[in-house]
Amino acid sequence: MTAFLHFLYGPNYDFRGPNSGSTACVAIIRGDQLLVANAGDSRCVLSRAGEAYDLSTDHKPELQEEKERILKAGGCIQHGRVNGVLNLARAIEKQMVTANPEINTASLCNDDDFMVLACDGIWDCMTSQELVEFVHEQLNSGCKLSAVCEKVLDKCLAPSSGGEGCDNMTMILVQFKKPIHSSASAGKQEPLPSDIPSGSNQTPTGTNS
């Protein structure tokens, strides 16, 4: 959280540039522990034995907790957007869309293949499971990680200026080295966060804040 707020109140806090902000989705791996901090509608997805698990929440204005905070801050929700303009509820920007991240942790195991961090330009075009399956297909065909990312972006790119695929796109693909040293090596399946409201799989309790 300190790192997120540093962007707002750090040495360049008084910079007067373009009136824009950014989402932030950050993953830190320490041994077999994966920590994900997210503010906005970028998303972190873990592939475990070919199944997609969301490790972050897409912070959209229609979520009740986000809506209540925005209204208390003097904003409004129109057509699913903050003040009728912004289609996300958290970002490194202004106080109506807080920079406070949601933090989730999970223990990695040898069934974990890779994780993807990507912005909504990807997720508006593919579900978490669709992306995981596409990445597996490309990796199995011998593609390098950089080439896989390029193929995903090409797949999501709009053929014209109308419809889906017109948003900017950012994607990071991290493939895990095996073996991952954890209690899972003894056959125990490690838990993942269970209360993330998204279209991907959910498993019993992990931790979040």
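In terms of my numbering, the sequence shown opens at residue 36 and continues consecutively.
Beta carbons are placed, not taken as given, at the ideal position from N, Cα and C, and that holds for glycine.
All of these numbers come straight from a predicted model, not from anything done at the bench.
The alpha carbon of Asp-155 has as its nearest neighbour, out of Asn-73, Arg-83, Glu-172, the alpha carbon of Asn-73. Of the candidates Arg-83, Leu-98, Ala-134, Glu-100, the residue whose Cα lies closest to the Cα of Val-151 is Arg-83.
Judged by pairs of C-beta atoms under 8 Å, the region 124-142 touches the region 63-70, as three or more such pairs exist. Nearest neighbour of Ala-124 by Cα position, chosen from Lys-95, His-171, Ser-77, Asp-147, turns out to be Lys-95.
In this structure, Ile-215 keeps its C-beta atom at 7 Å or more from the C-beta atom of Cys-191. With respect to Ala-126, Thr-205 sits apart: the two C-beta atoms are not nearer than 7 Å. At the C-beta level, Val-117 and Gly-110 come within 7 Å of one another. Between Gly-56 and Glu-137, the gap from beta carbon to beta carbon reaches 7 Å or more. Going by beta carbons, Leu-208 and Cys-178 fall outside the 7 Å limit. DSSP lists no bridge partner for Leu-143.
Each residue's CA atom was taken as its position, placing Lys-212 and Gly-85 some 16 Å apart. The distance from the Cβ of Asp-89 to that of Ser-163 is about 6 Å, consistent with a contact at the 8 Å cut-off.
Around the Cβ of Gly-119, a 10 Å sphere holds fewer than 16 other Cβ atoms; the residue is exposed. A check of alpha carbon separations from Ile-64 across Gly-75, Leu-81, Asp-76 identifies Leu-81 as the nearest.
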